[in-house]
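Protein chains: 2
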Amino acid sequence: MHSLLRNKYQNILLKGDIKINGSRTWDIQLHNEKLWNRVLFRGSLGLGEAYMHGWYDVEDLSEFFYRLTRFVLPSYQDGGFRQISTKLATVLFNVQNIKNSFKVGRRHYDIGNDLYQSMLGSSMAYTCGYWKGVDSLDAAQIRKFRLIGEKLKLKPGMRVLDIGCGFGSAMAFFSKEYGVEVLGVTVSKKQAQYIRKYYQNLPIRVKVQDYRLTEGKFDRIYSIGMFEHVGYKNYKTYMQTCWRLLTNDGLALLHTIGNNISVKHTNAWVEKYIFPNSMLPSLSQIACSAESVFIIEDVQNFGYDYYQTLLAWDKNFTANWSHLSANYSDIFYRMWRYYLLSCAGAFKARDMQLFQIVMSVNGVEGRYDSPR
Amino acid sequence: MHSLLRNKYQNILLKGDIKINGSRTWDIQLHNEKLWNRVLFRGSLGLGEAYMHGWYDVEDLSEFFYRLTRFVLPSYQDGGFRQISTKLATVLFNVQNIKNSFKVGRRHYDIGNDLYQSMLGSSMAYTCGYWKGVDSLDAAQIRKFRLIGEKLKLKPGMRVLDIGCGFGSAMAFFSKEYGVEVLGVTVSKKQAQYIRKYYQNLPIRVKVQDYRLTEGKFDRIYSIGMFEHVGYKNYKTYMQTCWRLLTNDGLALLHTIGNNISVKHTNAWVEKYIFPNSMLPSLSQIACSAESVFIIEDVQNFGYDYYQTLLAWDKNFTANWSHLSANYSDIFYRMWRYYLLSCAGAFKARDMQLFQIVMSVNGVEGRYDSPR
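These protein sequences, in sequence, are chains A and B.
As numbered in our numbering, residues 1 to 372 make up the first sequence, in order.
As numbered in our numbering, residues 1001 to 1372 make up the second sequence, in order.
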């Protein structure tokens, strides 16, 4: 039975030139034949669980996932068109599913920021960097901030809103580099505490608040890696909220992971326990929700840069494992790398995108020239 | 009755600081009080007809339309959101409606290319130029061609398809500047004759053919100002046709006027007599039709440049009127300027957009860096 299944999966994997026990960095090194049953009955969830259990290894996991996503999965689609993102989303979210089912996922959120500080580097930015012309993670994050600052045409004295401000590094950069006043809103008390502690000398404020309850008027609004948590039912509300908070000559920038196809669902277990309403928007969903609210001035797609970012996070994570391992289990180590590197491979395969979208309230007067 | 209506419209127009018989270049100079009834009963159609009849004049017609579109029309919308494009589309298409109803519109298509040659200049490009860093129409058209060539990453020997190739100036530019072989498809025999006559020494071919019947494989496909004639029912077919004709590492560029909102209709009379299935696509309609077919790599919006382009066309048209007037009537003169300048004002008001969209078959490997 095992050998029949093994032959079946070997044939499937050959579409991506992936061999079982082959000698290339992307080949599977099999340790337990139970892998095939697990994948047969639990799909990509089983693939992730089996990895965590140590039933197989892949030296270059991101390349394995790149090949799986770009060459193997599409050949099982009809009509020659790519409709694989829902599958991959399952792969990705299952990691978090597993993470929780092993009771290791929530743990690291509770024990502090050592993991993130180790992994993210000095920028503390947990979103895709912009690697154009730079070759380090920190530089790519700064490059990303500058790209956003230039796209938003920030000028001294402007009032700026950061929706989902994370650890505040973007706010700090913009206030220092462009002389703007930034209000950040977050639903995380820990992030707010972090910002108040580290950036008390800057003209930035932070509120623990649902962004929809924010009041006031702003010249510029941006969100970096927050829209993924909005959910399709609220895309329009997100747009209308930004519209309400912007001045007439205001600009909004949306930095979000994009899905190749429009979905209205996510993994039910994740929905309930991890990220309520978390899902990746397609460009058509974004454009549709912006319609009659904003004029879309520019759309940049640099999804490939997330591949580079995730590889850098993985490098930091493994380099810091010796001191992190006191707080995290070995199974967490495998789970976390699986998460980072499966996403990396998917971005390299262009199965997910990174969209930066600039929107204006009434259409900029004159041409909107975007930097690149 | 006239004075009541006049007062009503004066109040409406004040939202855009437009005065009846005022002294600014954008004010209406009224010659016939019947204008108000015409507008009351025939809307924007009446506004255009009245202009053609000479019932009013505006020194700067584009500024009048800019103010009308940006400030007057939005104040009659609910909810504070802009939904005015259908109204403006009516304004614009009514011009063509009128054109035909006066039996002067079709005439100029039949009598040869003197109008277009006079108006368009040496580029013979009847689409929006790109005015970044240049200050003449000819330079803006060349700048646009170069922008497209760079976005498509053209390299010597590539096979390129131009869908709706017009008078062939883009094909000629790309074959000369980038050493590519271009096939142009057009539904106009006259355009094909023009191309065969003027560009016989270049590696370009032209076919009089529906693009959906084109066969072969191409490294690159572009269309400049053709998608407006596709119609919403065929957007998906357009995308799938491009997909079928492209190599696996192919790129497609779509250059089209964009609507701010999604519509599935156009003026019925225009539909029947002028441009069957002509309508302006919204970005969400474009993104939706590209979904599961292409990865959208980049979207640029330079709608404002159409304002500049249309002003330049109007300038050429009026400068050449002395010799054109032998073939065209005085009412054609007013109609044509109304068409050019009402569109110019609408683009300046950002009520219509100009989208250049770059799409790839499988996602470019690595970052897609777009020029600007």
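Just so you know, even glycine gets a beta-carbon here, dropped at the ideal spot from N, CA and C.
1. Any idea what DSSP makes of K207/A, helix, strand or coil?
2. For a contact meaning CB atoms closer than 7 Å, what does L283/A contact in chain B?
3. Quick one, which of Q1300/B, Y1056/B, W1026/B and R1024/B has its alpha-carbon nearest L987/B's?
4. Do three or more CB pairs link the segment 132–139 of chain A to the segment 219–231 of chain A at distances below 8 Å?
5. Cβ closer than 7 Å: which chain A residues qualify as neighbours of F1302/B?
6. Below 8 Å on the Cβ atoms is my guess for G164/A versus M124/A; work out the distance and round it to an integer in Å.
7. Tell me the start and end of each unbroken alpha helix (DSSP H) in the segment 1034–1070 of chain B that is at least 4 residues and wholly inside, in chain order.
8. Of all the options N37/A, C128/A, M279/A and V185/A, which has the alpha carbon lying nearest to the alpha carbon of A344/A?
9. Under a three-way DSSP split, which group does F1294/B fall into?
10. Under DSSP, the beta strand (DSSP E) around G1250/B begins and ends at which residues?
11. Ignore the nearest five residues each way along the sequence and tell me which others in K19/A's own chain have a CB closer than 8 Å to its CB.
12. Measure the alpha-carbon distance for L47/A versus R38/A and round it to whole angstroms.
13. From which residue to which residue does the alpha helix (DSSP H) around T309/A run?
14. Can you name, in chain order, every residue of its own chain whose Cβ lies under 6 Å from the Cβ of F1347/B, other than the five neighbours on each side?
15. Rounded to whole angstroms, what's the CA-CA distance from K236/A to N1234/B? Just pull it up for me.
16. Quick one: what's E1181/B bridged to in DSSP?
17. Suppose you measure from the CA of G121/A to the CA of D138/A; what does that come to, to the nearest Å?
18. When the Cα of E215/A is compared with those of C242/A, I195/A and L202/A, which residue comes out closest?
19. Does the beta-carbon distance from Y338/A to L40/A come in below 8 Å?
20. Determine the contact status of N362/A and I295/A, defining contact as a CB-CB distance below 8 Å.
21. Can you grab the Cα-Cα spacing for the pair V1180/B / P1156/B, in whole Å?
22. Counting only Cβ pairs nearer than 9 Å, list the residues of chain A close to N1389/B.
23. Alpha carbon to alpha carbon, how far is Y1198/B from T309/A?
24. For V1160/B, go through chain A and note every residue whose CB falls closer than 8 Å to its CB, in chain order.
25. Name the chain B residues whose beta carbon is nearer than 8 Å to that of Q141/A?
26. R1367/B lies in the beta strand (DSSP E); which residues open and close that run?
27. If distances are taken between C-alpha atoms only, which option among R1159/B, E1291/B, H1002/B and I1148/B comes closest to M352/A?
28. Is S1223/B helix, strand or coil by DSSP?
29. Beta carbon of D1330/B, beta carbon of V299/A: below 8 Å?
30. Just to make sure I have the definition right: I need the residues of chain A whose C-beta is within less than 9 Å of the C-beta of R1212/B. Which are they?
31. For L354/A, report the span of its beta strand (DSSP E) as first-last.
32. Given a cut-off of 8 Å, decide if M1335/B and S1289/B are closer than it, judged by their beta-carbon atoms.
33. If we ignore side chains and look at the alpha-carbon of each, how far apart do D1369/B and Q1285/B end up?
34. So what's S262/A in DSSP terms, helix, strand or just coil?
35. Between E1049/B and L1341/B, what straight-line distance do the alpha-carbon atoms span, to the nearest angstrom?
36. Tell me, please, whether the CB atom of R1042/B is closer than 8 Å to any CB atom in chain A?
The relevant details are as follows:
1. Position 207 of the first sequence, counted from the first residue, corresponds to residue 207/A. Strand, per DSSP.
2. Indexing the first sequence from 1 puts residue 283/A at position 283. Chain B residues near L283/A: A1287 and I1296.
3. The requested residue 987/B is not part of the displayed model; chain B covers only 1001 to 1372.
4. Between the segment 132–139 of chain A and the segment 219–231 of chain A there are fewer than three inter-stretch CB-CB distances shorter than 8 Å, so the stretches are not counted as touching.
5. As a first step, residue 1302/B is located in the second sequence; it is residue number 302 there, counting from the start. Ordered by position in chain A, the residues that pass the 7 Å Cβ test against F1302/B are R367.
6. What you label residue 164/A is simply residue 164 of the first sequence in a count that begins at 1. What you label residue 124/A is simply residue 124 of the first sequence in a count that begins at 1. G164/A to M124/A, Cβ: 14 Å. No contact.
7. 1034–1053 and 1061–1067
8. By one-based count along the first sequence, residue 344/A stands at place 344. Nearest C-alpha to A344/A: C128/A.
9. Here residue 1294/B refers to the residue found at position 294 of the second sequence. Three-state result, F1294/B: coil.
10. As a working note, residue 1250/B is residue 250 in the second sequence. Residues L1246 to N1259.
11. What you label residue 19/A is simply residue 19 of the first sequence in a count that begins at 1. The residues are Q10, L13, D27 and I28.
12. Residue 47/A sits at position 47 when you count from the first residue of the first sequence. Residue 38/A sits at position 38 when you count from the first residue of the first sequence. Near 7 Å, if we compare the C-alpha coordinates of R38/A and L47/A.
13. Translated into positions along the first sequence, residue 309/A becomes position 309. Y304 to A319 is the span of the alpha helix (DSSP H), which, as asked, contains T309/A.
14. Within the second sequence, the letter at position 347 stands for residue 1347/B. Cβ neighbours of F1347/B beyond the five flanking positions: G1303, Y1306 and Y1307.
15. For the purposes of this step, residue 236/A is taken as the residue at position 236 of the first sequence. For the purposes of this step, residue 1234/B is taken as the residue at position 234 of the second sequence. Distance between the alpha carbons of K236/A and N1234/B is about 27 Å.
16. As a first step, residue 1181/B must be located in the second sequence, where it is residue number 181. According to DSSP, E1181/B bridges with R1159/B.
17. Along the first sequence, read from residue 1 onward, the residue named residue 121/A stands at position 121. Along the first sequence, read from residue 1 onward, the residue named residue 138/A stands at position 138. If I take the Cα positions, the gap works out to 7 Å.
18. What you label residue 215/A is simply residue 215 of the first sequence in a count that begins at 1. The candidate whose alpha carbon is nearest that of E215/A is C242/A.
19. If you number the first sequence from 1, residue 338/A lands on position 338. If you number the first sequence from 1, residue 40/A lands on position 40. A distance of 8 Å or more separates the beta carbons of Y338/A and L40/A.
20. Along the first sequence, read from residue 1 onward, the residue named residue 362/A stands at position 362. Along the first sequence, read from residue 1 onward, the residue named residue 295/A stands at position 295. Closer than 8 Å, so yes.
21. By 1-based counting over the second sequence, the position of residue 1180/B is 180. By 1-based counting over the second sequence, the position of residue 1156/B is 156. Cα-Cα distance, rounded: 5 Å.
22. Only positions 1001 to 1372 of chain B appear in the structure, and residue 1389/B is not among them; the question remains open.
23. Translated into positions along the second sequence, residue 1198/B becomes position 198. Translated into positions along the first sequence, residue 309/A becomes position 309. If I take the Cα positions, the gap works out to 51 Å.
24. For the purposes of this step, residue 1160/B is taken as the residue at position 160 of the second sequence. The contacting residues do not exist; V1160/B stays about 22 Å from chain A at best.
25. The sequence position of residue 141/A within the first sequence is 141, counting from 1. In chain order: nothing, as chain B lies at least about 16 Å away.
26. Within the second sequence, numbered from 1, the residue matching residue 1367/B stands at position 367. Bounds of any beta strand (DSSP E) do not take in R1367/B, whose DSSP letter is neither H nor E.
27. In the first sequence, residue 352/A corresponds to position 352, counting from 1. The candidate whose alpha carbon is nearest that of M352/A is E1291/B.
28. Taking the first residue of the second sequence as position 1, residue 1223/B is located at position 223. Residue state for S1223/B is assigned as strand, using DSSP reduced to three classes.
29. As a first step, residue 1330/B must be located in the second sequence, where it is residue number 330. As a first step, residue 299/A must be located in the first sequence, where it is residue number 299. For D1330/B and V299/A, no; Cβs fall outside 8 Å.
30. Taking the first residue of the second sequence as 1, we reach residue 1212/B at position 212. Correct list: empty, because the minimum Cβ distance to chain A is about 17 Å.
31. As a working note, residue 354/A is residue 354 in the first sequence. M352 to S360 is the extent of the beta strand (DSSP E) around L354/A.
32. Taking the first residue of the second sequence as position 1, residue 1289/B is located at position 289. Taking the first residue of the second sequence as position 1, residue 1335/B is located at position 335. Cβ atoms of S1289/B and M1335/B: not closer than 8 Å.
33. For the purposes of this step, residue 1369/B is identified with residue 369 of the second sequence, where counting begins at 1. For the purposes of this step, residue 1285/B is identified with residue 285 of the second sequence, where counting begins at 1. Near 24 Å, if we compare the C-alpha coordinates of Q1285/B and D1369/B.
34. To locate residue 262/A, count along the first sequence from 1; it is residue 262. Coil.
35. In the second sequence, residue 1049/B corresponds to position 49, counting from 1. In the second sequence, residue 1341/B corresponds to position 341, counting from 1. Whole-angstrom Cα-Cα distance: 15 Å.
36. Residue numbering aside, residue 1042/B sits at position 42 when the second sequence is read from its first letter. Judged by the 8 Å Cβ criterion, R1042/B is not in contact with chain A.
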